[in-house]
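Asker: What follows is a structure written as structure tokens; I'll ask about it next.
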């Protein structure tokens with residue numbers, strides 16, 4: 059089961075590359091697929107599809123995932139132009155404002171149009187959605203893939219024990 063996680067899935071592509079190399083070093087044929095069943099969700103479904111499309115050559119499938127992540131960009135995943143990004147935020151803000159005004163009016167009608175009580179959550183940082191886009195930009199997937207490979211290499215014995223059982 060390959061989990062989602064947006065651009066963090068690049069790290070999992072590194073894990074699959076390391077598994078391929080570890081098994082080859084242990085004498086497995088490069089083409090041998092160690093997984094009888096592969097499934098995933100979100101970005102993990104992309105990995106599962108890549109592995110399924112090349113099920114007859116696991117090493118080639120792992121390399122294909124590396125190539126995919128090295129070439130991915132935000133525009134290939136979702137629309138990120140200014141208008142597309144701003145419209146949902148403007149709709150959210152207008153709904154939040156309307157709901158706040160109605161609740162505020164029913165609880166205690168405002169004394170003036172200049173009631174400057176802050177909206178709930180208006181001062182909270184809202185950059186998480188934007189930050190999740192950044193790792194999709196060219197070149198930023200190299201480090202997560204390298205970390206995935208390093209972490210898997212460090213657990214070489216566990217990987218071999220798992221696949222040889």
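Residue numbers (my numbering): 59 to 223. Where a beta carbon is used, it is the ideal one built from N, C-alpha and C, also for glycine. Just so you know, these numbers come straight off a predicted model, no measurement behind them.
1) Pick out the complete alpha helix (DSSP H) segments inside the segment 64-143, 4 residues or longer, and give them in chain order.
2) Rounded to whole angstroms, what is the Cα-Cα separation between residue 85 and residue 108?
3) For residue 60, write down the residues that DSSP places opposite it in a beta bridge.
4) How far does the alpha helix (DSSP H) with residue 57 in it reach, from first residue to last?
5) Buried or exposed: which applies to residue 202, given that a residue is buried once 16 or more other Cβ atoms fall within 10 Å of its Cβ?
6) In three-state terms, what does DSSP make of residue 152?
7) Check the C-beta distance from residue 63 over to residue 101 and give it rounded, since I have them as a contact under 8 angstroms.
8) CA-CA distance, residue 123 and residue 66?
9) Look at residue 206 and residue 110 and say whether their C-beta atoms are less than 8 angstroms apart.
Answerer: So, to answer that:
1) 67-83, 101-111, 116-129 and 132-135
2) 24 angstroms
3) Answer is 98, bridged to residue 60.
4) The structure shown does not extend to residue 57, since the chain spans only 59 to 223, so no value can be given for it.
5) buried
6) helix
7) Contact annotation, residue 63 with residue 101: C-beta distance approximately 6 angstroms; criterion of less than 8 angstroms satisfied.
8) One C-alpha to the other measures close to 13 angstroms.
9) Contact: no.
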